[in-house]
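Reviewing the structure listed below.
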Amino acid sequence: MDFAARLAAAAEATNRVMDQALQPSPAVPDRLLNATRYATLAGGKRFRPFLVIESAALFDAPADAAAAVAAAFECLHSYSLVHDDLPAMDDDDLRRGQPTVHKAYDEATAILVGDGLQALAFELITGDPVPSDVAGPLAHLLARASGNAGMVGGQYRDLNAIGLDAEGIRLMQAMKTGRLIAGACEAGAVLGRADAGARAALVRYGDLLGEAFQLADDLLDVEGTAEETGKRVGKDAGADKATLVGLIGPAAARARLAEIVAAAADTLAPFGDRASVLREASRFVADRRS
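Under our numbering, residues 374 to 663 are what the sequence shown spells out, in order.
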């Protein structure tokens, strides 16, 4: 399969796991369940799950376990989007081309949706069919990637991202976006019981991919449209937030993006042709319009 087909297959596998995990239950209030399904099953590229699945495939890890770990990463990511969109944070009305959860439902429900998705992420990553001997390390990895030294800390820095220099911007973006992307790549290696060298190569690839992803996102905020991206654009400049694109300009940012993509591809050399789809993923990140 080509890259587009592999991305779609990863999305389908991830959606099956999440759909099954979010079936009606007498213990779960209907409105909360509906809002959670709205937040998770109404779109999205499933890029982080794709990275888990493709990284795990390099080591022939079980596909059903990879799909469960992939869904855990997507639940964690979806929780972050629901909370980031809240009025107290980024105050966005549009996500994935539809009203954000707090607009479609209400703020309290959106907060609880995020809380529930975070818990579900750890339920999935530590349950069947994930092998018990790697479940703990995977949960630890996800917690570190998403916590105060990772995504949450990066979001805090982003909320206060005024007047940062280039190094401050890179740190903020590496934490907010990069840690979870690198964690998804590393999770595949953990699930596949990779050796230290292979695991380190995938972490380095993920770090570079995260930098590319955020840089492309910032370029879209400057050059894209709401119709293309499915969310409000121009918000960083409107909030006077520091971004690398704002600091060095779109042309220099695009040149830097090309350098990162090339470096990311180089890190996959140890895997040969088996990593061809992951190489294509770095180009997809740079070229995407949503």
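Just so you know, even glycine gets a beta-carbon here, dropped at the ideal spot from N, CA and C.
Remember, it's a predicted structure, so these values are computed and weren't measured experimentally.
Whole-number beta carbon distance between L564 and V507, since they are thought to touch under 8 angstroms:
In the sequence shown, residue 507 corresponds to position 134, counting from 1. In the sequence shown, residue 564 corresponds to position 191, counting from 1. Going by Cβ atoms, the distance from V507 to L564 rounds to 6 angstroms, so yes, they are a contact pair.
Residue range of the alpha helix (DSSP H) that S428 falls in?
For the purposes of this step, residue 428 is identified with residue 55 of the sequence shown, where counting begins at 1. S428 -> alpha helix (DSSP H) spans 420-430.
Taking the alpha helix (DSSP H) that L515 belongs to, which residues open and close that run?
The residue you call residue 515 lines up with position 142 of the sequence shown. Here the alpha helix (DSSP H) through L515 covers 505-519.
Counting only the same chain and skipping the five closest in sequence on each side, list residues whose C-beta sits under 6 angstroms from that of Q491.
Here the question's residue 491 lines up with position 118 in the sequence shown. The residues are Y452.
Here's a check: name, in chain order, each residue in its chain whose Cβ is nearer than 8 angstroms to the Cβ of G520, leaving out the five neighbours to either side.
Position 147 of the sequence shown, counted from the start, is the residue given in the question as residue 520. Hits under 8 angstroms: G526.
Is it right to say S505 is buried, meaning 16 or more other beta carbons lie within 10 angstroms of its own, or is it exposed?
Position 132 of the sequence shown, counted from the first residue, corresponds to residue 505. By the 10 Å Cβ count, S505 comes out exposed.
Return the CA-CA distance between R468 and F432, expressed in angstroms with no decimal places.
The sequence position of residue 468 within the sequence shown is 95, counting from 1. The sequence position of residue 432 within the sequence shown is 59, counting from 1. About 35 angstroms.
Endpoints, alpha helix (DSSP H) assigned at Y368
With the chain represented from 374 up to 663, any question about residue 368 goes unanswered, as that position is not in the structure.
Nearest candidate by alpha-carbon position, reference D457, set L582, L575, V390, A412:
Taking the sequence shown and counting its residues from 1, the one referred to as residue 457 is at position 84. Measuring from the Cα of D457, the nearest candidate turns out to be A412.
Find the nearest neighbour of I484 within the set A461, D660, L582, judged by alpha-carbon distance.
By one-based count along the sequence shown, residue 484 stands at place 111. Residue A461 is the option with its Cα nearest to I484.
In this structure, how does DSSP classify L537 when only helix, strand and coil are distinguished?
Locating residue 537 in the sequence shown gives position 164, counting from the first residue. Coil at L537, not helix or strand.
Could you check which residue in L588, A439, E480 has the C-alpha nearest to that of R421?
Counting from one through the sequence shown, the residue named residue 421 turns up at place 48. The shortest C-alpha separation from R421 is found at A439.
Any idea which residues DSSP pairs R468 with across the strands?
For the purposes of this step, residue 468 is taken as residue 95 along the sequence shown, with counting starting at 1. For R468, which the question treats as bridged, DSSP gives the partners Q471.
Step through the CB atoms of chain C and report whether any lies within less than 9 angstroms of the CB of A492.
This model lacks chain C altogether, as it is built from one protein chain only.
With 16 as the cutoff for other CB atoms within 10 Å, does E632 come out buried or exposed?
As a working note, residue 632 is residue 259 in the sequence shown. E632 is exposed by the Cβ-count criterion.
Segment contact flag, the segment 616-626 with the segment 639-650, C-beta cutoff 8 angstroms, min 3 pairs
Judged by Cβ distances under 8 angstroms, the segment 616-626 makes no contact with the segment 639-650, as fewer than three pairs qualify.
Should L497 and C558 be called a contact, given that it needs their Cβ atoms to be closer than 9 angstroms?
In the sequence shown, the residue the question calls residue 497 occupies position 124. In the sequence shown, the residue the question calls residue 558 occupies position 185. No, these two residues do not count as a Cβ contact at 9 angstroms.
Considering only the beta carbon of each residue, do T387 and I426 sit closer than 9 angstroms?
Indexing the sequence shown from 1 puts residue 387 at position 14. Indexing the sequence shown from 1 puts residue 426 at position 53. Contact flag set, yes.
Give me, in chain order, the residues of the same chain whose beta-carbon lies closer than 6 angstroms to that of G579; leave out the 5 immediate sequence neighbours on both sides.
For the purposes of this step, residue 579 is taken as residue 206 along the sequence shown, with counting starting at 1. Same-chain partners within the cutoff: I554, A555, C558.
With 16 other CB atoms within 10 Å as the buried threshold, where does H513 fall?
Here residue 513 refers to the residue found at position 140 of the sequence shown. Looking at its Cβ environment, which holds fewer than 16 other Cβ atoms inside 10 Å, H513 is exposed.
E584 classed as buried or exposed, judged by whether at least 16 other C-beta atoms fall within 10 angstroms:
Along the sequence shown, one-based indexing puts residue 584 at 211. Buried is the call here.
Cα-Cα separation between K418 and L630, rounded to whole angstroms:
Translated into positions along the sequence shown, residue 418 becomes position 45. Translated into positions along the sequence shown, residue 630 becomes position 257. Going by the C-alpha atoms only, they are around 20 angstroms apart.
Taking buried to mean at least 16 other C-beta atoms within 10 Å of its own C-beta, is G541 buried or exposed?
Here the question's residue 541 lines up with position 168 in the sequence shown. Counting Cβ neighbours within 10 Å, G541 comes out exposed, since fewer than 16 surround it.
Using the Cβ count rule (16 or more neighbours within 10 Å means buried), how would you classify D591?
What you label residue 591 is simply residue 218 of the sequence shown in a count that begins at 1. Answer is buried; the Cβ neighbour count reaches 16.
Assuming L620 contacts A539 (C-beta within less than 8 angstroms), just tell me the rounded distance between them.
Translated into the one-based positions of the sequence shown, residue 620 becomes position 247. Translated into the one-based positions of the sequence shown, residue 539 becomes position 166. Contact flag correct, Cβ pair sits at about 6 angstroms.
What does the alpha-carbon distance come out to for the pair H450 and A560?
For the purposes of this step, residue 450 is taken as the residue at position 77 of the sequence shown. For the purposes of this step, residue 560 is taken as the residue at position 187 of the sequence shown. Cα to Cα, the separation comes out at about 15 angstroms.
What number of angstroms, rounded off, separates the C-alpha of V576 from the C-alpha of P399?
Position 203 of the sequence shown, counting from 1, holds the residue named residue 576. Position 26 of the sequence shown, counting from 1, holds the residue named residue 399. When rounded, the distance between both Cα atoms is 41 angstroms.
Measuring only the C-alpha atoms, how far is K614 from Q546?
Within the sequence shown, numbered from 1, the residue matching residue 614 stands at position 241. Within the sequence shown, numbered from 1, the residue matching residue 546 stands at position 173. Approximately 12 angstroms, taken between the alpha carbons.
Tell me whether S655 sits in a helix, a strand or coil according to DSSP, three-state version.
One-based indexing of the sequence shown puts residue 655 at position 282. S655: helix per DSSP, three-state reduction.
When you compare the CB positions of A329 and V390, do they come within less than 9 angstroms of one another, or not?
Any question about residue 329 goes unanswered here, given that the chain covers just 374 to 663.
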